[in-house]
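**Q**
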Amino acid sequence: MDNLGTIGTTEEQIELMDVATNFCRDKSPVDKVRALIDDDLGYDPGIWREIGELGWLAIAIPEAHGGVGLSMAEVVPIAEQMGRNLMSNPFGSTTLAAQALLAGGSEAEQAEWLPKIAEGAAATLALREANGDWDLSNIDATGFESGGTVTLSGKKQLVLWANSAELIIVSIKIDGEVRFALVERSALSDNALRRETVIDETARSYEVTLDGVTVSADALFDESRTRETLEKIELAAGLIHAAEMTGGAQSVIDYTLEYLKTRKQFGKIIGSYQALKHPTVNNYVEYEKARTHLYSAAHSWGEQGRGEVAVRMAAAQSHSSYSTAADRAIQFHGGFGFTHDCDAQLHRRKAILSGALIGDAAYQRSKLANLLFD
Amino acid sequence: MADKPSAAELKDYAEQADAWFKENTVRDPGFMLPLTFMEVSTDQQFDFLQDWQRKVYEAGYLGASWPKEYGGGGMHSEFQRVATRAMKKHDAPIMLNAIGNGWAGPLILDLGTEEQKQKFIKPMLSAEDIWCQGFSEPENGSDLGNAQLKAVKDGDDYVLNGSKIWTSLGDRAKYMILLARTDFDAPNKYAGLSFFLNPMKIDGITTSRIKKLTGEYGFVQTFFTDARISADCLFGGEGNGWSMAMKTLEYERGAKVKPVGGFFVKELDVMEIVELAKNSVRNGKPLLDDPVMRDKMTQYMIDIQALNLNNTRRRMPQLMQDRPMGLPLMNKLARTELIRELTEFSLAFQGTKAGYYVGDENAVDDGYWHRSYLNSFSATIGGGTSEIQRNIVAEHALGLPKTR
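The listed protein sequences derive, respectively, from chains A and B.
Residue numbering for the first sequence follows our numbering, beginning at 17 and increasing consecutively.
Residue numbering for the second sequence follows our numbering, beginning at 34 and increasing consecutively.
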């Protein structure tokens with residue numbers, strides 16, 4: 017099987033890992049995470065500004081468009097540390113929007129938006145619909161093109177951070193073909209956005225009603241690049257979410273270990289009981305496998321064929337290991353685990369949302385099987 | 034230590050090694066070759082593997098980086114790595130003398146006297162002297178520190194009484210690295226242990242073959258009845274047995290003594306399982322069209338790829354910062370359990386043929402998969418059971434308290 021990749025790192029990646037480890041830990045203590053759950057915006061605008069100033073949104077944008085000129089590989093350690101510290105903000109959605117622009121945007125579209133994103137403007141993708149299908153091309157929203165104007169209709173769901181995004185990249189069908197349209201947030205009325213209640217309370221998600229929204233025909237991606245744009249979005253999303261979930265798995269295991277090392281029952285530290293110890297080791301082993309896949313996926317990013325296998329392995333393994341580790345974390349915390357105060361539920365909920373957004377472990381495996389066996 | 038070789042030197046050496054293994058490797062001698070040193074069952078297998086190791090050693094591809102004065106090649110360890118890679122590439126048979134070359138040899142090179150190095154190293158490399166290990170006892174499997182075999186000092190000798198078990202190659206070995214109790218009043222169980230380089234072919238030592246669950250042989254139980262050995266056999270001083278035994282484990286990582294090279298255990302080629310799956314049929318269709326089998330096989334591919342990449346990641350400190358001991362300590366657990374699961378899974382492909390066993394002409398691949406599955410337990414049990422491995426990972430990588 018020559019579509020299996022290897023593992024490696026870049027210097028920039030490791031430097032960013034060090035910076036992000038400290039930054040996310042310092043800026044996102046769990047009491048702050050919890051305070052932001054009740055905040056409308058859902059993140060600290062000051063910290064978002066700092067993230068822009070650190071240049072993190074510019075990492076995978078070419079220098080010609082005001083970026084740093086690195087790749088998604090260098091975004092991975094940042095997303096990993098954000099996931100580890102439950103730091104929620106439009107970093108992931110903005111990075112994905114930039115990747116979509118790079119894959120499908122015209123030169124003019126790229127020149128307009130990439131420098132803005134590189135400087136800190138938030139953006140997002142509007143891909144999902146009522147049918148609940150993970151297949152990005154199974155959509156019903158439409159665009160009707162006439163006289164240089166495209167009139168949109170339909171509803172998009174699970175649009176992360178739509179309220180904060182200056183730019184929303186929307187998938188629609190024009191004449192039966194999937195296309196992408198750039199919609200400025202300012203072109204949408206407030207009524208067009210409905211905040212959704214999603215299982216991860218640290219995230220902000222919106223349903224976007226497109227009916228009556230018009231964009232210029234210049235705001236469409238070139239139709240010849242639809243296919244590669246879909247592929248790029250799916251893989252970039254898989255990689256970013258894999259990074260967040262891997263960081264989250266590490267965090268929820270550490271959180272559980274703390275409890276196992278301090279909580280006493282029947283006169284003993286409960287972490288000395290093998291009934292708790294052994295499954296915790298199993299979860300840890302699965303987490304390390306996820307992290308290995310994550311850095312293999314980062315390393316293989318951009319390699320034809322291998323990139324997709326590596327990303328899907330990382331997405332599958334991180335989703336399954338994060339889900340299991342968080343599930344067991346709830347159980348191992350006993351009565352406390354059943355409360356909202358226990359952080360285990362934050363992770364369990366986040367893993368469910370991530371799986372819903374990109375396709376869960378079983379879905380990733382079904383896609384992988386096609387690549388591996390057919 | 035020899036100088037680090039240039040890329041050109043290594044390339045030359047790699048070409049030589051490649052040519053040598055291409056020409057000399059026999060993969061099918063007409064009988065089933067053991068996949069690990071623990072599975073050597075027949076004289077035919079033993080003779081073949083002893084001869085093979087001697088040939089490899091004489092060609093310079095085993096012990097290439099061990100000191101020249103004791104029989105090694107005196108070369109930089111990169112050369113040995115290159116040679117081992119050639120062995121793997123040509124799917125060469127295993128090296129036989131695992132305990133000698135992997136455990137006793139490094140210990141002697143590290144801490145032995147000049148005389149011991151002169152005496153033991155060369156015949157160990159050529160597989161003329163086979164070594165075995167006497168750690169586990171019938172009553173003390175996972176709890177090695179509680180070993181009870183008695184070694185009583187008597188003049189210039191020690192007198193041994195007791196029994197060791199799961200001794201691979203025990204009936205073929207000339208020497209055993211032996212963990213025995215010299216002090217029954219020591220302050221703790223570990224402090225009473227001593228380590229011996231014990232001769233096997235003496236009065237008072239007998240072995241009895243153990244028939245494995247596969248129906249084959251490979252292990253023995255060794256009985257010591259007033260066996261008398263010279264006090265010179267003591268290694269590392271009385272009471273230091275536990276630390277000597279633990280040291281033998283450290284050498285596996287190759288930090289102190291350069292690795293001898295070769296491999297004692299043949300890694301299962303997992304791609305063969307994929308091939309088997311692809312060639313299997315269910316309900317008249319390819320097996321991998323079955324969604325359940327397809328999903329399981331995919332999960333195993335994810336696991337296999339992770340463990341293979343872990344071997345590279347282990348050497349990347351930048352990706353090992355949070356728990357540097359995590360991957361090294363979990364490797365045995367993860368790998369052996371995966372192989373057990375995979376080989377069991379391979380039986381599920383075979384439909385009605387899963388019912389056959391080694392020896393029947395209808396068995397798939399001569400029963401290779403059944404034998405591999407049953408033998409896989411040797412690795413999930415031997416060398417510390419998976420349950421003990423989980424304790425080790427929990428206590429030494431995750432910092433959980435000991436189980437009492």
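Even for Gly, the Cβ is constructed at its ideal location relative to N, Cα and C.
Because the structure is a prediction, the values reported are computed rather than measured.
Does residue 378 of chain A come within less than 8 angstroms of chain B when only Cβ atoms are used?
**A** Yes - at least one Cβ of chain B is within 8 angstroms of the one on residue 378 of chain A.
**Q** If you compare alpha carbons, which of B:197, B:242, B:39 and B:410 is closest to residue 179 of chain B?
**A** Comparing Cα positions, the closest option is B:197.
**Q** Comparing alpha-carbon positions, which option in B:202, B:264, B:295 and B:238 lies nearest residue 253 of chain B?
**A** For the residues B:202, B:264, B:295 and B:238, the minimum Cα distance to residue 253 of chain B belongs to B:202.
**Q** Tell me, please, whether the segment 303-312 of chain A touches the segment 329-346 of chain B by the rule of three or more beta-carbon pairs shorter than 8 angstroms.
**A** Yes, since at least three Cβ pairs between the segment 303-312 of chain A and the segment 329-346 of chain B fall closer than 8 angstroms, the two stretches touch.
**Q** Could you tell me whether the segment 97-114 of chain B touches the segment 71-89 of chain B, where touching means 3 or more Cβ pairs closer than 8 angstroms?
**A** Contact between the segment 97-114 of chain B and the segment 71-89 of chain B is absent, because fewer than three Cβ pairs lie under 8 angstroms.
**Q** Could you check whether residue 76 of chain A and residue 91 of chain A sit closer than 8 angstroms to each other, using their CB atoms as the reference points?
**A** Contact flag set, yes.
**Q** For a quick check, are the C-beta atoms of residue 424 of chain B and residue 436 of chain B less than 8 angstroms apart?
**A** Cβ atoms of residue 424 of chain B and residue 436 of chain B: closer than 8 angstroms.
**Q** Going by alpha carbons, who is nearest to residue 180 of chain A out of A:150, A:40, A:141 and A:278?
**A** Selected option, being the one with the closest Cα: A:141.
**Q** Compare the beta carbon distance of residue 263 of chain A and residue 98 of chain A with 8 angstroms and say whether it is the shorter of the two.
**A** Cβ distance < 8 angstroms, so residue 263 of chain A and residue 98 of chain A count as in contact.
**Q** Which one of B:357, B:52, B:261 and B:362 has the shortest CA to CA distance from residue 122 of chain B?
**A** When each option's Cα is compared against that of residue 122 of chain B, the closest is B:52.
**Q** Please classify residue 358 of chain A: does DSSP put it in a helix, a strand, or coil?
**A** Residue 358 of chain A: coil per DSSP, three-state reduction.
**Q** Can you name the residues of chain B whose CB is closer than 9 angstroms to the CB of residue 304 of chain A?
**A** Residues of chain B passing the Cβ test: 339, 343, 346, 356, 359, 360, 363 and 367.
**Q** Which bits of chain A does residue 335 of chain B rub up against, with CB to CB less than 8 angstroms?
**A** Those within 8 angstroms of residue 335 of chain B in chain A are 305, 309, 329, 332, 333, 381 and 384.
**Q** Should the segment 193-203 of chain A be regarded as contacting the segment 116-136 of chain A, the criterion being three or more beta carbon pairs within less than 8 angstroms?
**A** As far as the Cβ criterion goes, the segment 193-203 of chain A touches the segment 116-136 of chain A, which means the pair count is three or higher.
**Q** For residue 365 of chain B, which residues from the same chain have a beta carbon less than 6 angstroms from its beta carbon, with the 5 sequence-adjacent residues on both sides left out?
**A** The answer, listed in chain order, is 422.
**Q** Taking only the alpha-carbon atoms, compute the straight-line gap between residue 280 of chain B and residue 36 of chain A and give it to the nearest angstrom.
**A** Residue 280 of chain B and residue 36 of chain A: Cα-Cα distance of roughly 39 angstroms.
**Q** Buried or exposed: which applies to residue 39 of chain B, given that a residue is buried once 16 or more other Cβ atoms fall within 10 Å of its Cβ?
**A** Its Cβ having fewer than 16 others within 10 Å, residue 39 of chain B is exposed.
**Q** Put residue 181 of chain B into one of helix, strand or coil per three-state DSSP.
**A** In this structure, residue 181 of chain B counts as coil in the three-state DSSP scheme.
**Q** Where DSSP assigns a beta bridge to residue 159 of chain A, which residues make up the other side?
**A** Per DSSP, A:168.
**Q** Assess contact between the segment 216-228 of chain B and the segment 270-280 of chain B, defined as three or more Cβ pairs (one per stretch) separated by less than 8 angstroms. Is contact present?
**A** With a cut-off of 8 angstroms, the segment 270-280 of chain B and the segment 216-228 of chain B count as touching, because enough Cβ pairs lie within range.
**Q** At a Cβ threshold of 8 angstroms, is residue 32 of chain A touching chain B?
**A** Closer than 8 angstroms: no.
**Q** Rounded to the nearest angstrom, what separates residue 255 of chain B and residue 430 of chain B at their Cα positions?
**A** Computed Cα separation, rounded: 35 angstroms.
**Q** What is the rounded straight-line gap between the Cα of residue 1 of chain B and the Cα of residue 133 of chain A?
**A** This structure does not reach residue 1 of chain B, given that chain B is present from 34 up to 437, and the question cannot be answered.
**Q** Near residue 391 of chain A, which residues of its chain fall below 7 angstroms by C-beta distance, leaving aside the five closest residues on each side in sequence?
**A** The structure shown has nothing for residue 391 of chain A, since chain A only spans 17 to 390.
**Q** Is the Cβ-Cβ distance between residue 117 of chain A and residue 249 of chain A less than 8 angstroms?
**A** No.
**Q** Given a cut-off of 8 angstroms on the beta-carbon distance, is the pair residue 88 of chain A and residue 40 of chain A in contact?
**A** No, the Cβ-Cβ distance between residue 88 of chain A and residue 40 of chain A is not below 8 angstroms.
**Q** Return yes when the Cβ of residue 284 of chain A is within less than 8 angstroms of the Cβ of residue 432 of chain B, no when it is not.
**A** It is not a contact, given that the beta carbons lie outside the stated cut-off.
**Q** Which stretch, first to last residue, makes up the alpha helix (DSSP H) that contains residue 80 of chain B?
**A** Here the alpha helix (DSSP H) through residue 80 of chain B covers 76-91.
**Q** For a test of the three-state rule: what should DSSP assign to residue 210 of chain B, helix, strand or coil?
**A** Residue state, collapsed to three classes: strand.
**Q** Mind checking if residue 91 of chain A is an interface residue toward chain B, Cβ cutoff 8 angstroms exclusive?
**A** Output row for residue 91 of chain A: interface = no.
**Q** Measure the alpha-carbon distance for residue 331 of chain B versus residue 19 of chain A and round it to whole angstroms.
**A** Straight-line Cα distance between these residues: approximately 14 angstroms.
**Q** For a cutoff of 8 angstroms on Cβ pairs, would you count residue 255 of chain B as touching chain A?
**A** Output row for residue 255 of chain B: interface = no.
**Q** Alpha carbon to alpha carbon, how far is residue 175 of chain A from residue 327 of chain A?
**A** Each residue's alpha carbon lies about 22 angstroms from the other.
**Q** Given this structure, state the Cα-to-Cα distance separating residue 386 of chain B from residue 309 of chain B, to the nearest angstrom.
**A** Using only the alpha carbons, I get a separation of about 13 angstroms.
**Q** With 8 angstroms set as the bound, which would you pick, yes or no: does the beta-carbon of residue 438 of chain B sit closer than that to a beta-carbon of chain A?
**A** With chain B covering 34 to 437 only, the question about residue 438 of chain B has no answer from this structure.
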